[in-house]
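Residue numbers (our numbering): 2 to 557.
Below you'll find the structure, written out as structure tokens, and then a few comments.
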Amino acid sequence: MDAAANERATGWARPTAIEWLCLAATLVLTLQYSWLLDDAFVYFRYVDNLVHLERGLVFNEGEYVEGYSSPLWCVAMVPLRAAGLDWWLITRGVGLACAAGTWALLVELGRRTTPRGVPRVNLPLVHLAFLYATQTYFTSGVEAPLVQLVAAGFALYVFAPQSRVAQVLVGLAPMVRHELALPLAFACAWQFWRSRRVPWTVVLVAATTLGAWTLFRIVYYADVLPNTFYLKDEVNWERGFAYLGDTFLTYGTPWLFLAFALLAFWSRRERDIELGPRAVLVISAVAVSLYVAKIGGDPRHYRYLAFPFCALVASWSGLIERALVRWPAASRTGGAWLVAGTVAFGTFLLYPRQLSKHPIGRDAAHTKIDEINDAQYHRLKPDLTYSPWTLAPDIEQLDDVMLDLAYGESPLLPQGPVDIRDEYARWLASDETPADYPVTTIGWCATAWREFPRTLVHWDGLTDPILARTTAKSWRAAHKKDLHPLGGDLAKLRGKFGSTRESFRAAVDAGEAPEWIRRNLDTIETIARKAYNRHDFAENLGLALTRVPRIDPASE
């Protein structure tokens with residue numbers, strides 16, 4: 002029995018030498034490119050409020066707003082943080098695990114799609130394992146590692162729907178990001194059309210997890226969608242297509258897709274070419290890309306395109322091996338290494354136009370282009386700069402500057418540096434509450450996490466339910482400068498009248514509310530009843546189903 006036949010008999014994909022090298026590359030590059038997006042600190046604050054400060058899964062104490070985009074990512078962080086791990090270790094550890102998991106899924110996909118008797122090149126794996134953008138987003142502190150893992154699982158599922166791991170990953174997709182409900186629907190429709198059977202495992206995983214979270218969302222947050230959905234729900238095709246070009250053109254994706262489409266067309270008469278699964282991957286990638294374009298993209302290169310990019314690349318699986326079939330048998334192994342080496346080297350050399358040179362040294366200069374930043378922008382930030390190769394939890398240290406920002410004139414103010422987790426314990430042992438501190442605005446999320454004693458109004462609306470539903474023109478994706486003064490109004494009002502569902506009417510009655518709050522009082526009170534809800538199911542269900550109009554601060 003040859004190696005390929007043995008694999009099919011045992012159901013185990015034995016990695017080739019090329020694939021083992023890809024594993025080494027993905028692990029090393031994931032660490033070398035590791036970084037933290039400032040939005041990650043929103044998750045950090047939510048999780049630490051639950052795990053260390055006994056406030057619940059909230060950004061501000063007593064204010065129930067789902068200000069994060071990925072329920073699964075947030076929930077997955079809770080046990081890791083509760084185990085005592087620091088955030089930089091968690092970020093890199095989960096990134097490495099997702100990178101290895103993606104590698105394993107793509108190895109299995111390569112086994113499923115490679116013809117017998119041909120050495121496996123596994124071009125999708127080679128391309129993604131050496132690509133800067135993909136390896137960068139196995140870290141970041143936000144949900145991107147799970148997005149790429151799900152993309153690999155999705156690719157395997159459409160080719161091999163019997164894979165239990167792939168079934169579970171596809172079912173979990175909407176819990177990773179809400180727009181991944183689109184490929185979930187396509188996958189289920191494809192499987193039903195092909196087998197005339199309902200893909201029950203996928204459906205049950207999706208229904209159970211998403212149903213449970215929706216119930217929790219209603220009871221806890223009095224809503225059916227996250228706050229970030231309302232903030233980012235806009236139509237800006239021009240900016241969105243520029244965002245697509247910033248990623249896909251950088252890595253030559255249109256030309257590669259055209260080349261492999263021609264190769265697939267050339268091989269279309271082969272019985273096992275499996276054009277159907279490839280079409281599902283392409284359609285799903287296009288659907289998610291169009292959604293991303295519709296909302297105007299993201300301020301970060303590649304981030305919102307992680308799923309469609311990986312799915313599109315996976316659609317090429319097994320095609321280059323079909324070309325190798327036509328090579329003389331004696332030269333196929335050498336040909337496989339030549340192709341893999343050429344692709345790996347060429348892919349590794351690619352990097353975003355925002356950078357002055359290749360980012361492998363982590364010291365490339367960064368220039369924002371079309372209001373889009375690369376991850377390097379955050380790597381260069383002093384409060385986000387941590388060595389990728391250290392175990393020291395520097396991220397948890399608060400220096401005197403940050404302590405002054407956090408405590409102000411409080412008698413609790415210590416001498417720095419101190420570990421933030423020790424400060425959590427001191428805070429809980431004291432009799433101070435956030436009400437003892439001024440309510441302030443914040444824009445840089447890394448600072449928000451460190452200012453844990455305070456109630457904060459995120460002036461871009463990321464975690465504020467009123468600003469998220471306020472009409473304002475964005476100057477870049479999800480960034481609206483016109484909201485900043487309104488955030489200041491909210492901070493001032495809440496500082497004087499408190500953070501309750503009655504605060505806004507009290508301010509209006511006292512004649513101290515800004516004009517835009519007076520004009521939109523009914524809408525704002527509905528939002529306040531959601532944010533300061535009492536977790537009464539009947540009341541919260543009514544609030545969750547209540548249509549809340551957009552707030553127009555300039556209306557007469």
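Beta carbons: idealized from backbone N, C-alpha and C, even for Gly.
Practice task
Give me the Cβ distance between T17 and P175, rounded to the nearest whole Å; I'm assuming they're in contact under 8 Å.
Solution key: Rounded, the Cβ-Cβ distance is 34 Å, inconsistent with contact.
Problem - For L406 and L463, the rounded distance between their alpha carbons - result: Rounded to the nearest whole angstrom, the C-alpha separation of L463 and L406 is 21 Å.
Practice task
State yes or no: is the C-beta of P415 within less than 8 Å of the C-beta of Q398?
Solution key: Contact: no.
Practice task
Could you say which of Q377, D371, E372 lies nearest to A365 if we only look at CA atoms?
Solution key: The residue with the shortest Cα to Cα distance from A365 is Q377.
Exercise for the section: With a 10 Å radius around its C-beta and 16 neighbouring C-beta atoms as the bar for buried, classify L126 as buried or exposed. Expected result: buried
Handout entry: Entirely enclosed beta strand (DSSP E) segments - the region 21-54, minimum 3 residues
Key = none
Handout entry: Other residues of its chain near A6: CB distance less than 6 Å, five sequence neighbours each side excluded
Key = Confidence at A6 is low in this model, with a pLDDT of 42, below 50, so the placement of that residue should be treated as unreliable; the coordinate-derived value is given next. There are no such residues.
Problem - Local Cβ density within 10 Å of D234, reported as buried at 16 or more and exposed below that - result: exposed
Practice task
Might you give, ordered along the chain, the residues of its own chain that have their beta carbon closer than 8 Å to the beta carbon of A511, omitting 5 neighbours on each side?
Solution key: F498
Exercise for the section: Flag this pair as yes or no: are the beta carbons of R575 and A145 separated by less than 8 Å? Expected result: Outside the displayed span of the chain (2 to 557) sits residue 575, for which this structure offers no information.
Exercise for the section: Report, in whole angstroms, the separation of the C-beta atoms of G488 and L468, which I expect to be a contact under 8 Å. Expected result: 6 Å
Practice task
Would you kindly work out how many angstroms separate the C-alpha atoms of L185 and L205, rounded to a whole number?
Solution key: Looking at the two C-alpha atoms, the distance is approximately 12 Å.
Exercise for the section: Taking only beta-carbon positions, decide if I525 is within less than 8 Å of chain D. Expected result: No chain D appears in this structure, which consists of one protein chain only.
Handout entry: Complete runs of the alpha helix (DSSP H) confined to the region 441-498 [at least 4 residues]
Key = 446-451, 466-469, 484-498
Exercise for the section: For L546, collect the residues of the same chain with a Cβ closer than 7 Å to its Cβ; drop the 5 residues on either side in sequence, then sort them by chain order. Expected result: none
Handout entry: Minimum C-alpha distance to G94 - residue among T31, V326, K295
Key = T31
Practice task
Inspect the beta-carbon positions of A315 and L351 and report whether they are closer than 8 Å.
Solution key: no
Exercise for the section: Name the residue from V344, F160, D437, R506 whose alpha carbon lies nearest to the alpha carbon of V23. Expected result: Position check: residue 23 holds Cys in this sequence, whereas Val was assumed. It is V344 whose Cα lies nearest to the Cα of C23.
Practice task
Express the C-alpha separation of E67 and N123 in angstroms, rounding to a whole number.
Solution key: 40 Å
Exercise for the section: Quick one: grab the DSSP three-state call for N61. Expected result: strand
Problem - Exposure of S475, with buried meaning 16 or more beta-carbon neighbours within 10 Å - result: buried
Exercise for the section: In the DSSP assignment, find the unbroken alpha helix (DSSP H) run with I518 in it and report its ends. Expected result: In the DSSP assignment, I518 falls within the alpha helix (DSSP H) that extends over 516-520.
Problem - Coil, strand or helix - V419 by DSSP - result: strand
Practice task
Confirm the yes/no value for this check: CB of V340, any heavy atom of the ligand NAD, distance under 7 Å.
Solution key: Absence of the ligand NAD from the depicted structure is noted, as is the absence of any ligand whatsoever, leaving it without description.
Practice task
State buried or exposed for F45, treating a residue as buried only when at least 16 other CB atoms are found within 10 Å of its CB.
Solution key: buried
Problem - Close-in-space but distant-in-sequence residues of the same chain around A341 (CB under 6 Å, 5 per side omitted) - result: I19, V122, V127
Problem - Cβ-based burial, W89 [other Cβ within 10 Å; buried from 16] - result: buried
Problem - Burial state of P550, where buried means 16 or more other Cβ atoms lie within 10 Å - result: Around the beta carbon of P550, fewer than 16 other beta carbons sit within 10 angstroms, so the residue counts as exposed.
Practice task
State the Cα-Cα distance for the pair F266 and F193, rounded to the nearest angstrom.
Solution key: 25 Å
Practice task
Use the C-beta contact count for G362: other C-beta atoms within 10 angstroms, 16 or more gives buried, fewer gives exposed.
Solution key: exposed
Practice task
Report yes if the CB atom of V293 is closer than 8 Å to the CB atom of L306, and no otherwise.
Solution key: The criterion of a C-beta distance shorter than 8 Å is satisfied by V293 and L306.
Exercise for the section: Please report the Cβ distance between I284 and G241, rounded to the nearest whole angstrom; I am assuming they are in contact, meaning their Cβ atoms lie under 8 Å. Expected result: Actually they do not touch by this definition, with Cβ atoms about 19 Å apart.
Handout entry: As assigned by DSSP and simplified to three states, the class of Q398
Key = When secondary structure is reduced to three states using DSSP, Q398 falls in the strand class.
Problem - Completely contained beta strand (DSSP E) runs for the region 76-150, where each covers 3 or more residues - result: none
Practice task
Tell me, please, whether the region 320-327 touches the region 159-168 by the rule of three or more beta-carbon pairs shorter than 8 Å.
Solution key: no
Handout entry: Anticipated Cβ contact below 8 Å, A101 with L28, distance rounded
Key = Rounded, the Cβ-Cβ distance is 7 Å, consistent with contact.
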